[in-house]
Structures are given as structure tokens and as C-alpha cells.
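*Asks:* Protein chains in written order, with our numbering: chain A, 2 to 254; chain B, 227 to 349.
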């Protein structure tokens, strides 16, 4: 996965993401593609969650999956989640759950609950940072005011780090793939460097939904695992998504 | 030349939007999920439309599971154990998952697996 939150020169926040999934879950030799990734693409749907006929939040989802990986609470915040690998992983959380220790939350149920119930960027950030989880994760959160964009790096129990947009430091965007931002990514899976190169080449002056789509379309940020791209503009309450393909030559991940 | 050797890094692309060309595989349909409905009914419209694709995806996962554990024991365990787990999941997720299983015809355990796959995948 790759998630980006960027602030343009006018203070507008734009949140984009590629949802990559299906690694090592069966390779289709004839079509040079991952089997599960290809099976997930037809299941991609955009959802408008309503209460009293009013939109509460919107999301890009896989039909049949009740949790949230990508969503927007119009005019308030945007949220995506990327996988985080850790030895202290989900299997430990599941074991605890089976043994009756159920004070942790399932990751995508937390994101769904935050999108449904949080009323501000700060409240969303606090809940994503402090709620005990069954599995580690990265939460990428965008708000509706200048500077409101962050990557929350979570272990199952703790919030390890929160990296925020800081215009004074020249950090006009935050970009997360699947590795802790203070460490080098795995050398066989560095999507961060090409992603940041393209963001820096775009510049804050030219960042927009259009140019963010360009960054998310550039290999290897786009790869064989990429099922969809979603672009969100919080101030307009707008979410749009597109099913992707990665013609050869293309990285399997 | 870097785009021809792994990781096939391209020059930063431009003018890809509006989406077109070989990297754009299609638009995404919109559905409404009415949170005023009982949890079991919320996903009916989506699942009615996507039932076949959901069954296909679950079948693909089962084929993988069979490749891993040819005896079929893994799938049996999913179909027997995970339904017992659904009631331990918090509301409204447990009831929504039940509704999806009923609307799609996919066994309840397999819908549960799909919904907790992020945690299971770490295994």
C-alpha cells in the first residue's frame, strides 16, 4: 500500500492511496498476476454510509468486508490504513482473543468506528493512537486545517510514533508505504523513495488530485498488487476511486 | 533503462488524470449503506450485486488453502470454528457479517475469515 496526505499552497488537504493486497497468495503464471488481487478487483465498491438520510462517511471497500481501509468524513477528516509487519503480530492478538482476552479491537473495526463516530481530526487521531489493537498498523489521517496530516505508527498496544505535516520544516506531505518512516524500507520493496521523488518533483505548488493520481500511477508505487486508487478532498467531501492494472514490465509487489 | 529491470522504476508520470490507458481498469460503482437499517439488512443491496464476485474470491482463497492443506482440514476448521467466533465480535459487526453470509450464501465462517483476514494474514 501507499498512502499520501499533502497540503497545497492554499492550505487544501488532499489524501490519496493505492490499496495493494494479495502478496504470495497464488501467482497466475499465464497472466503474470496475483490470483487474489485479481479476484478482489471486481469487489471494489464505493459506499455512502447514511443515517437519517444524511451522509455520515464515505468509503472505498471490498464488498463483503464490513471494516474500513479507506474513508472520508466529509469536511472533517480522511483516513486510510496500511499494513505494518511485526513479529508481535495479529496472530498473537487472535490467540489472546480465543483465550478470552478481548480488550483489543480488530483493526478495521476501529477504523470503521472512528469514521462513523469521531467528530474531529483530533478525536480521530486520539482514538487511532490510543485504542488497543489485535494487530499492528499504520493509520494515515488527514484533517481539514493546515498542518492536519499525520502517520500514526501503531504496535498492538502502543502508539510508537506520530509524524505530522510541518510546513515550517518544509514537510508539506506525509507518505507511508509499509515500513516505519525512521527506518529504511526493505531493500527489495522500496516504494517510498520513488514515491517521495515524484512528490518532490511535483512540488507543493502543483499538487492536486490530478498530480497525486500521477504519483500513484508511477511504477513501482503502482505494482501487481495494486487493486484500486482512491483520491479524497476533505474540504469538498469528495471521494473518487479507480480500479488499477499494472502492465508488464511491472514489479510483483 | 531502469523501467526495464526490477523494480521497474519509471520516470514520474504526468497527465494520467482523468484515468485512462492500460493502468486504468475501470470505474467503481456507488452504493448506499443505510445505518438506520438493522445491521443484518445494511449490506443486502451491495451483496446482491456482488454475490458472484464474492463467491469467486472466496473460492480462490479455498483453492489456496487446499493447496496448503490438501486434506481439507483447514477449510473444515474455518467452517466449523469461525462461526463460533462471530458472536465474540463486537456489535454491529457480528450482525452485519451474519447478514452478508445470509445474502451471499457464502458459509458464515468464510465471511468471518474474510473480515478478520488482516489479523489472520500475519500468520
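Cβ coordinates follow ideal geometry from the N, Cα and C atoms, glycine included.
Since this is a predicted model, take the numbers as computed values, not measurements.
CA-CA distance, residue 117 of chain A and residue 227 of chain A?
*Replies:* Residue mapping note: residue 117 of chain A aligns to position 116 of the first chain, counting from 1. Residue mapping note: residue 227 of chain A aligns to position 226 of the first chain, counting from 1. For residue 117 of chain A and residue 227 of chain A, the distance between alpha carbons rounds to 26 Å.
*Asks:* Would you call the region 6-15 of chain A in contact with the region 157-177 of chain A, where contact means no fewer than 3 C-beta pairs closer than 8 Å?
*Replies:* The region 6-15 of chain A vs the region 157-177 of chain A: in contact.
*Asks:* Starting from the C-beta of residue 37 of chain A, find all residues in its chain whose C-beta is less than 8 Å away, skip the five residues before and the five after it, and write them out in chain order.
*Replies:* For this step, residue 37 of chain A is matched to residue 36 along the first chain. Hits under 8 Å: 22, 23, 26, 27.
*Asks:* Short check: CB of residue 122 of chain A to CB of residue 340 of chain B, under 8 Å?
*Replies:* What you label residue 122 of chain A is simply residue 121 of the first chain in a count that begins at 1. What you label residue 340 of chain B is simply residue 114 of the second chain in a count that begins at 1. Cβ distance not < 8 Å, so residue 122 of chain A and residue 340 of chain B don't count as in contact.
*Asks:* Does DSSP put residue 138 of chain A in a helix, a strand or coil?
*Replies:* In the first chain, the residue the question calls residue 138 of chain A occupies position 137. Of the three classes helix, strand and coil, the one that applies to residue 138 of chain A here is strand, per DSSP.
*Asks:* Taking the CB atoms as reference points, tell me whether residue 82 of chain A and residue 113 of chain A lie closer together than 8 Å.
*Replies:* The sequence position of residue 82 of chain A within the first chain is 81, counting from 1. The sequence position of residue 113 of chain A within the first chain is 112, counting from 1. Against a cut-off of 8 Å, the Cβ pair of residue 113 of chain A and residue 82 of chain A comes out as no contact.
*Asks:* Between the alpha carbons of residue 3 of chain A and residue 268 of chain B, how many angstroms are there, rounded?
*Replies:* Taking the first residue of the first chain as 1, we reach residue 3 of chain A at position 2. Taking the first residue of the second chain as 1, we reach residue 268 of chain B at position 42. C-alpha separation (whole angstroms): 30 Å.
*Asks:* Within 8 Å of any Cβ in chain A, is that where the Cβ of residue 253 of chain B sits?
*Replies:* For the purposes of this step, residue 253 of chain B is taken as residue 27 along the second chain, with counting starting at 1. Taking Cβ atoms only, chain A reaches closer than 8 Å to residue 253 of chain B, which makes this a yes.
*Asks:* Using the DSSP secondary-structure output, state which residues sit across from residue 28 of chain A in a beta bridge.
*Replies:* Residue 28 of chain A sits at position 27 when you count from the first residue of the first chain. Answer is A/35, bridged to residue 28 of chain A.
*Asks:* Which class does residue 199 of chain A belong to by DSSP, given the choice of helix, strand or coil?
*Replies:* Within the first chain, numbered from 1, the residue matching residue 199 of chain A stands at position 198. Note: residue 199 of chain A maps to helix in three-state DSSP.
*Asks:* Comparing the C-beta of residue 18 of chain A with each C-beta of chain B, is any distance below 8 Å?
*Replies:* As a working mapping, residue 18 of chain A is identified with position 17 in the first chain. No - not a single Cβ of chain B is within 8 Å of the one on residue 18 of chain A.
*Asks:* Under the three-state reduction of DSSP, which class applies to residue 239 of chain A: helix, strand or coil?
*Replies:* Residue 239 of chain A sits at position 238 when you count from the first residue of the first chain. DSSP places residue 239 of chain A in strand when its eight states are reduced to three.
*Asks:* Run down chain A in chain order and give the residues with a C-beta less than 8 Å from the C-beta of residue 301 of chain B.
*Replies:* If you number the second chain from 1, residue 301 of chain B lands on position 75. Neighbours of residue 301 of chain B on chain A: none; closest Cβ ~15 Å, over 8 Å.
*Asks:* Measuring alpha carbon to alpha carbon, tell me which of A/232, A/235, A/220 ends up nearest residue 248 of chain B.
*Replies:* Position 22 of the second chain, counting from 1, holds the residue named residue 248 of chain B. Cα-wise, what sits closest to residue 248 of chain B is A/220.
*Asks:* With H, G and I counted as helix, E and B as strand and the rest as coil, what does DSSP make of residue 65 of chain A?
*Replies:* As a working note, residue 65 of chain A is residue 64 in the first chain. Of the three classes helix, strand and coil, the one that applies to residue 65 of chain A here is coil, per DSSP.
*Asks:* What do you get for residue 253 of chain B, buried or exposed, if any count of 16 or more other CB atoms within 10 angstroms of its CB means buried?
*Replies:* Locating residue 253 of chain B in the second chain gives position 27, where the first residue counts as 1. Residue 253 of chain B is exposed by the Cβ-count criterion.
*Asks:* Please identify, using Cβ separations under 8 Å, the residues of the region 325-338 of chain B that lie next to chain A, in order along the chain.
*Replies:* Flagged, chain order: 326, 330, 332, 337.
*Asks:* Is any non-hydrogen atom of the ligand MN found closer than 7 Å to the C-beta of residue 91 of chain A, if you look at the structure I gave you?
*Replies:* The ligand content of the structure shown is nil, which means the ligand MN is not present either.
*Asks:* Below 8 Å on the Cβ atoms is my contact criterion, and I expect residue 244 of chain A with residue 45 of chain A to pass it. Report the Cβ-Cβ distance as a whole number of Å.
*Replies:* Working through the first chain from its first residue, we reach residue 244 of chain A at position 243. Working through the first chain from its first residue, we reach residue 45 of chain A at position 44. Contact flag correct, Cβ pair sits at about 6 Å.
*Asks:* Quick one: is residue 193 of chain A near chain B, going by C-beta distance under 8 Å?
*Replies:* Counted from its first residue, the first chain places residue 193 of chain A at position 192. False, the Cβ-Cβ gap to chain B never drops below 8 Å.
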